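Visitor:
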């Protein structure tokens, strides 16, 4: 069974409610129809109901089983406005501004629905930019307990590969944090280990990557990764993790045994932490294109409740997959 098939099966087993705030987008509407037909999640769409109905008809989709939250008629709107005001008044937000924000910004209203437990997670980004998705998410939902930085990851499913978890890896960070410090790398690695365990149901084995393996090269960039590994071991000793490793030493057993003998991670890693965004982004696209791997993401980690950002070039099928992943994240 493929990774996505397993995720869909898990999503069906414990149904969650996911907000899709970009309700007039044709891809979102088509995805909604498929999600509901497959029984992957309950869906909440945000927007003017009549306009959503017109868009659904124009795209020949049935979204009758989705809940529509129209700010103009939503019975909890005043309550949501008051709660947003209380949440953000220390930052200078007025009641009038809170009302305007929830009326005009469906992503913000979606975050409030998740904040109040009316929904379990949110998926957006087909229309809105990453900044427009993550800014209200962090303002309203904030970071998860004991997590200082939000990051992202991809699940990479590499065909005909016996490394990692039968060719399945988690790559991080490939989409958000430009040049993390050692401390930030350690947090990204800890979050990634938790994400791997949540989505794959298997033990994460975490390698922090570099152009050096255990001191084979000397450079401040190497020192950053080695320090991150030490911080991670101190902060999360229960996680099987180490670094710094070159990629081959991290995932190829014979190379790991040669370059880092008797190391519990070398040659066995299934979670790969890249030293910066350039390396992570290049790596996932290289593996996706040349190895014909399936790349699921970017998936966000570190927010207190699941929010995931789509690529603006996504397809309806992409949205379906991300909603299923978000639903499984919400089961934790």
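In this note's numbering, the protein residues as written are 109 to 440.
Note that beta-carbon positions come from the ideal geometry of N, C-alpha and C, so glycine has one too.
All figures in this text were calculated on a predicted structure; none of them were measured in a lab.
Closest to residue 221 by C-alpha separation, out of 197, 249, 208, would be which residue?
Guide: When each option's Cα is compared against that of residue 221, the closest is 249.
Visitor: To the nearest whole angstrom, what separates the beta carbons of residue 132 and residue 113, a pair I think is in contact under 8 Å?
Guide: Incorrect: roughly 30 Å between the Cβ atoms, too far for contact.
Visitor: Cα-Cα, which of 268, 258, 140 is closest to residue 288?
Guide: Answer by Cα proximity: 258.
Visitor: Where residue 270 and residue 317 are concerned, what is the direct C-alpha to C-alpha distance, given to the nearest angstrom?
Guide: Residue 270 and residue 317: Cα-Cα distance of roughly 20 Å.
Visitor: Would you report the Cα separation of residue 206 and residue 180, rounded to the nearest angstrom?
Guide: One C-alpha to the other measures close to 14 Å.
Visitor: So, for residue 402: in the same chain, excluding its five sequence neighbours on each side, which residues have a beta-carbon less than 6 Å away from its beta-carbon?
Guide: These residues qualify, in order along the chain: 265.
Visitor: Mind listing, in chain order, the continuous alpha helix (DSSP H) runs of no fewer than 4 residues lying wholly within the segment 169-233?
Guide: Counting whole runs of 4 or more residues, the segment 169-233 contains the alpha helix (DSSP H) stretches 185-196, 203-212, 214-223.
Visitor: Taking its Cβ as the centre, do 16 or more other Cβ atoms sit within 10 Å of residue 414, making it buried, or is it exposed?
Guide: So residue 414 counts as buried.
Visitor: In chain order, what residues of the same chain lie with their CB nearer than 7 Å to the CB of residue 339, ignoring the 5 residues before and after it?
Guide: So the list reads 290, 291, 294, once near-sequence residues are dropped.
Visitor: On a CA-only basis, which of 336, 146, 154 is nearest residue 226? Give me that one, please.
Guide: Among 336, 146, 154, the Cα nearest to that of residue 226 belongs to 154.
Visitor: From residue 427 to residue 152, what distance separates their C-alpha atoms?
Guide: Straight-line Cα distance between these residues: approximately 14 Å.
Visitor: Between the alpha carbons of residue 203 and residue 213, how many angstroms are there, rounded?
Guide: If I take the Cα positions, the gap works out to 15 Å.
Visitor: Looking at the secondary structure, which residues open and close the beta strand (DSSP E) in which residue 315 lies?
Guide: First-last of the beta strand (DSSP E) with residue 315: 313-317.
Visitor: What residue range does the beta strand (DSSP E) around residue 260 cover?
Guide: Its beta strand (DSSP E) spans residues 259-265.
Visitor: Is any non-hydrogen atom of the ligand FMN found closer than 6 Å to the C-beta of residue 176, if you look at the structure I gave you?
Guide: The ligand FMN is not part of this structure, which contains no ligands at all.
Visitor: If I follow the unbroken beta strand (DSSP E) through residue 403, where does it start and stop?
Guide: That run of the beta strand (DSSP E) goes 402-409.
Visitor: Taking 7 Å as the cut-off, decide whether the C-beta atoms of residue 280 and residue 256 are in contact.
Guide: Cβ atoms of residue 280 and residue 256: not closer than 7 Å.
Visitor: Are residue 337 and residue 351 close, meaning C-beta to C-beta below 7 Å?
Guide: Yes, they are a contact pair.
Visitor: Note down the Cα distance separating residue 381 from residue 315, rounded to an integer number of angstroms.
Guide: If I take the Cα positions, the gap works out to 6 Å.
Visitor: Which residue or residues does DSSP assign as beta-bridge partners of residue 353?
Guide: BP columns for residue 353 point to 317.
Visitor: When you compare only the Cα positions, how much space is there between residue 236 and residue 263?
Guide: Using only the alpha carbons, I get a separation of about 23 Å.
Visitor: Less than 7 Å between the C-beta atoms of residue 115 and residue 433, yes or no?
Guide: Yes.
Visitor: Report all residues from its chain with a CB closer than 6 Å to the CB of residue 228; omit the five preceding and five following residues, and keep chain order.
Guide: So the qualifying residues of the chain are 124, 125, 438.
Visitor: From what residue to what residue does the alpha helix (DSSP H) around residue 416 run?
Guide: Residue 416 -> not in any alpha helix (DSSP H); beta strand (DSSP E) instead, spanning 415-417.
Visitor: Give the DSSP-derived three-state secondary structure of residue 111 in the structure shown.
Guide: In the structure shown, residue 111 sits in a helix (DSSP, three-state: H, G or I).
Visitor: For residue 405, tell me which candidate among 360, 200, 419, 424 has the shortest Cα-Cα distance.
Guide: Comparing Cα positions, the closest option is 419.
Visitor: Just mark residue 200 as buried or exposed, buried being the case when its beta carbon has 16 or more other beta carbons within 10 Å.
Guide: Label assigned to residue 200: exposed.
Visitor: Round the Cβ separation of residue 372 and residue 359 to the nearest angstrom and send it over; I've been treating them as touching at under 8 Å.
Guide: With 8 Å as the limit, residue 372 and residue 359 do not qualify as a contact, their Cβ atoms being about 14 Å apart.
Visitor: Using the C-alpha atoms, what's the distance from residue 175 back to residue 160?
Guide: Cα-Cα distance, rounded: 11 Å.
Visitor: Where does residue 390 land, buried or exposed, given buried means 16+ other C-beta within 10 angstroms?
Guide: When all chains shown are included, residue 390 counts as exposed.
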